[in-house]
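What follows is a short report on a single structure.
Residue numbers (this note's numbering): -6 to 69.
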């Protein structure tokens, strides 16, 4: 995993993290489908839901950052 210093911008870092969360959500959802009605299915779905929360938070932060950039550009 790259460190924050290796990204060209904070926006790029957030977009990369959002994509990773989306990939992990898909992974856990596929795994839940594959295990059928196993005891681990609720756990896998719970983890996928938690990842959705992380992704939503990252998306919100990206939106707020973009809004701030727009305000900064308007001031300049």
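By construction, the Cβ of each residue, glycine as well, lies at the ideal position given by its N, Cα and C atoms.
For residue i, report the span of its alpha helix (DSSP H) as first-last.
| i | result |
| --- | --- |
| residue 62 | 34 to 68 |
| residue 25 | 3 to 28 |
In whole angstroms, what is the alpha-carbon distance linking residue i and residue j?
| i | j | result |
| --- | --- | --- |
| residue 58 | residue 45 | 20 Å |
| residue 61 | residue 33 | 42 Å |
| residue 2 | residue 30 | 43 Å |
| residue 12 | residue 56 | 15 Å |
| residue 40 | residue 16 | 13 Å |
| residue 5 | residue 66 | 19 Å |
| residue 7 | residue 43 | 17 Å |
| residue 22 | residue 68 | 45 Å |
| residue -1 | residue 9 | 12 Å |
| residue 54 | residue 35 | 29 Å |
| residue 49 | residue 27 | 26 Å |
CB residue i to CB residue j, shorter than 8 Å?
| i | j | result |
| --- | --- | --- |
| residue 25 | residue 37 | yes |
| residue 14 | residue 64 | no |
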